[in-house]
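Letter 87 of the sequence shown, counting from 1, is numbered 144 in my numbering, and no numbers are missing. Worksheet for the structure shown next.
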Amino acid sequence: MKHVFVWVEIPVTDIHRAMRFYGALLEQTLELGDDGVRKFAVFTREEGGVGGSLTQATGFEPSADGVLAYIDGGADLSVMLSRVEPAGGKVVIPKTSMGGSGGYFATFRDTEGNTLALYSVG
Numbered sequence: 058m059k060h061v062f063v064w065v066e067i068p069v070t071d072i073h074r075a076m077r078f079y080g081a082l083l084e085q086t087l088e089l090g091d092d093g094v095r096k097f098a099v100f101t102r103e104e105g106g107v108g109g110s111l112t113q114a115t116g117f118e119p120s121a122d123g124v125l126a127y128i129d130g131g132a133d134l135s136v137m138l139s140r141v142e143p144a145g146g147k148v149v150i151p152k153t154s155m156g157g158s159g160g161y162f163a164t165f166r167d168t169e170g171n172t173l174a175l176y177s178v179g
């Protein structure tokens, strides 16, 4: 098994607002898709990497208390974390050491009310 997770969907209530937030956070341009059942915006990824999307669909609701997904924060998550609040989110737990060589994490709440985390080794 190459990856435990192969796809992550982040529930949103306002796809355009979420696209602006994650576009600013990740410095990516997200394109809107609509298959008639859901609206979605897919994150860019490397070949063979784990993928994901923002998804707006009936019955798929954002939550601050659900599964905690970690986003790769790059070499130093402080850089990405500094973009959370200007993009409309809120830092919940600032950059925190995981001890030893475990790296660092931080958590944030997005514009939709989801809580996610960032991870980096530095």
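Even for Gly, the Cβ is constructed at its ideal location relative to N, Cα and C.
Query: Distance between beta carbons of LEU89 and LYS96, contact taken as under 8 Å; Result: 6 Å
Query: Buried or exposed by the 16-neighbour rule on C-beta atoms within 10 Å, applied to LEU134; Result: buried
Query: Completely contained alpha helix (DSSP H) runs for the segment 71-131, where each covers 4 or more residues; Result: 72-83
Query: Exposure of GLY146, with buried meaning 16 or more beta-carbon neighbours within 10 Å; Result: buried
Query: Exposure of SER110, with buried meaning 16 or more beta-carbon neighbours within 10 Å; Result: buried
Query: Validate contact between the segment 146-157 and the segment 101-117 using beta carbons, cut 8 Å, 3 pairs; Result: no
Query: Candidates GLY116, PHE100, GLU84 and LEU82: closest to GLU94 by CA position; Result: The sequence given here places Val at residue 94; Glu does not occur at that position. If we check each option's Cα against that of VAL94, GLY116 comes out closest.
Query: Beta-carbon proximity check, ARG102 vs THR168, cutoff 8 Å; Result: no
Query: Cα-Cα separation, PHE78 to ARG166; Result: 11 Å
Query: Element boundaries [beta strand (DSSP E), containing VAL149]; Result: 147-154
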